[in-house]
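Novice: Each residue of the sequence shown is one higher than the one before, counting from 27 in the numbering used here.
First the structure, which I've put down as structure tokens, then a few questions once you've had a look.
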Amino acid sequence: MRMTEYLRIMRRRWLAIVLAMMFTAVSAYVFSKLQEPLFRSEASYLVVPNRNDNGLSIVLTNNMNSYKQLALARPQIEKISAQLQLDRTPEWLLEHISIQANADDRKMIVQVDYPDVDMAPRLANAVGENMAALVSSLNDGLEGTDKINMRITTPATPPILYRPQTKINVAAGAFLGLIIGFLLAFVLEALDDTLKTPDDVEQHVGLTVVGAIPASNPNSDRRTPARRQL
Numbered sequence: 027m028r029m030t031e032y033l034r035i036m037r038r039r040w041l042a043i044v045l046a047m048m049f050t051a052v053s054a055y056v057f058s059k060l061q062e063p064l065f066r067s068e069a070s071y072l073v074v075p076n077r078n079d080n081g082l083s084i085v086l087t088n089n090m091n092s093y094k095q096l097a098l099a100r101p102q103i104e105k106i107s108a109q110l111q112l113d114r115t116p117e118w119l120l121e122h123i124s125i126q127a128n129a130d131d132r133k134m135i136v137q138v139d140y141p142d143v144d145m146a147p148r149l150a151n152a153v154g155e156n157m158a159a160l161v162s163s164l165n166d167g168l169e170g171t172d173k174i175n176m177r178i179t180t181p182a183t184p185p186i187l188y189r190p191q192t193k194i195n196v197a198a199g200a201f202l203g204l205i206i207g208f209l210l211a212f213v214l215e216a217l218d219d220t221l222k223t224p225d226d227v228e229q230h231v232g233l234t235v236v237g238a239i240p241a242s243n244p245n246s247d248r249r250t251p252a253r254r255q256l
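See below:
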């Protein structure tokens, strides 16, 4: 199929393309408005060993994942939820709280998504402080040089709207609608077996068009009797 034929189909089926774009864009907008807003806040903590050698560094890398698992254990989340008087279940909180353990720079990043803009940073700080307290309790049975400390480097950041991203959703919906509209246009064109142009006649019938009957003008037909009367 030549490019001119693609353009001809799009000109003929432009309404289907536009309607598909409008439908998907409006659907994306409605979906965004129905989503519960979530605000994201992050707090960073640095894990520091009391002595700096290769052996302890390897242990530190392995332990950081253990710290993460301890901090995200259900009893710890339930304790924090009770302290802050949250109205969310532990299961919901565990889905919206994450801790990234970056062994390269020895950082633990607490990330929280919460519907209350004021509670999001409080929850991030609470999870981080509780994790630091757990690490400190693990040091009780260790010698001074074997202890691993955790200190805060960046308190919870001001919350930003994480969800919904209405503009992005609408743009993505419109783009999806454009693709669907193009596909719909070609499907409608394939189902339409009427002959509209000389090219259609040559392609489907195999005959060359040598002439065409011009369309009649109703206005000129009405004027003809009057002219004859004159």
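The beta-carbon is built from N, C-alpha and C at its ideal position, and this holds for glycine as well.
Keep in mind the model is a prediction, meaning the values are calculated, not measured.
For A252 and Y55, what's the separation of their Cα atoms in angstroms?
Specialist: Caution applies to A252, whose pLDDT of 46 falls short of 50 and renders its modelled position unreliable; the model cannot decide the point.
Novice: Alpha carbon to alpha carbon, how far is I135 from N156?
Specialist: 13 Å
Novice: Is the separation between the beta-carbon of T199 and that of S53 shorter than 9 Å?
Specialist: Residue 199 is actually Gly in this sequence, not Thr. Yes, they are a contact pair.
Novice: What are the boundary residues of the beta strand (DSSP E) that includes T179?
Specialist: Here the beta strand (DSSP E) through T179 covers I174 to T180.
Novice: Have a look at A216, T192 and R37 and flag the residue whose alpha-carbon is nearest the alpha-carbon of A51.
Specialist: T192
Novice: Does the segment 58-69 come close enough to the segment 179-186 that 3 or more CB-CB pairs lie under 8 Å?
Specialist: yes
Novice: Does the contact criterion of 3 or more C-beta pairs under 8 Å hold for the segment 101-121 versus the segment 131-151?
Specialist: yes
Novice: Below 8 Å, how does it come out for the segment 119-139 and the segment 84-100: are there three or more Cβ pairs, yes or no?
Specialist: yes
Novice: Tell me the DSSP secondary structure of V143 in three-state form.
Specialist: In this structure, V143 counts as coil in the three-state DSSP scheme.
Novice: Taking C-alpha atoms, which residue in T180, L41, I103 and M47 lies nearest to I205?
Specialist: M47
Novice: Going by DSSP in three states, A200 sits in which element: helix, strand or coil?
Specialist: In the structure shown, A200 adopts helical secondary structure according to DSSP, grouped into three states.
Novice: Per DSSP, which residues does S124 bridge with? Please list them.
Specialist: Beta-bridge annotation (DSSP): S124 is paired with Q137.
Novice: Quickly, what does DSSP pair R28 with across the bridge? List them, please.
Specialist: The partner list for R28 (beta bridge, DSSP) is empty, contrary to what the question assumes.
Novice: Could you tell me the boundaries of the alpha helix (DSSP H) in which R189 lies?
Specialist: Careful: R189 lies outside any alpha helix (DSSP H), inside the beta strand (DSSP E) at I186 to R189.
Novice: Can the beta-carbon of P141 be found less than 9 Å from the beta-carbon of K59?
Specialist: No, these two residues do not count as a Cβ contact at 9 Å.
Novice: In chain order, what residues of the same chain have a beta carbon less than 7 Å from the beta carbon of A97, not counting five sequence neighbours either side?
Specialist: I125, V153, N156, M157 and L160.
Novice: Just verifying my parser: in three-state terms, what is the DSSP assignment at Q255?
Specialist: Note that Q255 scores 44 on pLDDT, short of 50, meaning its location in the model is unreliable and no value can be drawn from it.
Novice: Could you tell me which of M36, A69 and Q61 sits nearest to T179, measuring between CA atoms?
Specialist: A69
Novice: Suppose only complete runs of 4+ residues qualify. What are the alpha helix (DSSP H) ranges in the segment 82-116, listed by chain order?
Specialist: 100-110
Novice: DSSP three-state call for A69: helix, strand or coil?
Specialist: strand
Novice: Rounded to the nearest angstrom, what separates R39 and R28 at their Cα positions?
Specialist: Those two C-alpha atoms are separated by around 17 Å.
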